[in-house]
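Below is one structure, written out as structure tokens; comments come after it.
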Amino acid sequence: MRLSVLMDFNPRVNVVARVCRKLYGGDPAHGWPHILRVMAWAERIVNSEGLDVDPEVLVVSVLLHDIGRLYEGSDHHAIRGSEVASIILEVLGYDSRFRGEVSKAILAHSYSLGYKAESVEAMVLSDADKLDALGAIGIARVFHTGALMGRGFEDSLEHFKAKILRLKDLMYFSYSRRVAEVLTARIIEYLRWWGEELG
Ligand SMILES: [Fe+2]
Ligand SMILES: [Fe+2]
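Residue numbering for the sequence shown follows our numbering, beginning at 732 and increasing consecutively.
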């Protein structure tokens, strides 16, 4: 199944994709490039596991999962995102069942919020988003985001231990678990180099 094809050939999904592309911008860690990588991981998970998903729910959930990051607020970006997504989807004529499915998937994608995924689409989004935090790309994202936040190298290294190295234990599917093991091993090797170079 080519999920990303929906972005081109389903008119409503195409509108969501074009709105998202504009809103997210080009930030490589959390912007449109991240959304496209999560989409590619979601596609690989669905195909490797042979999952029966609602492709439109999954693609729209991937597209909108970090939309809450674009709006200021004291609440969690996943909570804000589920509300913003629902408003966007209502304007586009999506019914309440569809909006509810997407909102639940967005709420469940967050590591820090800790909500359990209740649908297969929510599970795929959660795994796909976490896989993009691992491996070589995960390393680049940590240092890129750290620089934007004014965080030093030491704090970024701490972030690997506090969050990134734990993500592999939160995967729902065996394909994701297998890939996460490989990508986590790359980070561990990188951290070993760091220690070696510092002596
Ligand atoms: Fe997120
Ligand atoms: Fe994300």
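Backbone N, C-alpha and C fix where the C-beta goes; we use that ideal spot for every residue, glycine too.
Could you give the residue range of the alpha helix (DSSP H) that holds residue i?
i              : result
tyrosine 906   : 905-929
isoleucine 798 : Careful: isoleucine 798 lies outside any alpha helix (DSSP H) and carries neither H nor E.
asparagine 778 : 763-780
leucine 888    : 884-893
aspartate 739  : 736-740
How would you label residue i, buried or exposed, when you count the other beta carbons within 10 angstroms and need 16 or more for buried?
i                 : result
tryptophan 925    : exposed
serine 834        : buried
methionine 880    : exposed
leucine 929       : exposed
phenylalanine 904 : buried
alanine 878       : exposed
leucine 689       : No information on residue 689 is available, as it lies outside the stretch 732 to 930 that the chain covers here.
tyrosine 755      : buried
aspartate 797     : buried
alanine 867       : exposed
lysine 847        : exposed
glycine 799       : buried
alanine 839       : buried
Am I right that residue i and residue j are in contact with their C-beta atoms under 8 angstroms? What's the rounded C-beta distance?
i           : j          : result
leucine 914 : valine 855 : Going by Cβ atoms, the distance from leucine 914 to valine 855 rounds to 17 angstroms, so no, they are not a contact pair.
Practice task
Starting from the N-terminal side, write out each stretch of the alpha helix (DSSP H) that is 4 residues or longer and does not extend beyond the segment 812-876.
Solution key: 827-839 and 851-862
Practice task
Determine contact between the segment 821-837 and the segment 870-882, defined as no fewer than three beta-carbon pairs at a distance below 8 angstroms.
Solution key: no
Practice task
Taking 8 angstroms as the threshold, find out whether the segment 915-923 comes into contact with the segment 887-896 through three or more Cβ pairs.
Solution key: yes
Handout entry: Stretch pair the segment 772-780 + the segment 815-828: three plus CB contacts closer than 8 angstroms
Key = no
Exercise for the section: Report yes or no: do three or more beta-carbon pairs, one from the segment 804-813 and one from the segment 858-869, lie closer than 8 angstroms? Expected result: no
Exercise for the section: Indicate whether the contact test is met: 3 or more Cβ pairs, each with one atom in the segment 759-769 and one in the segment 895-910, closer than 8 angstroms. Expected result: no
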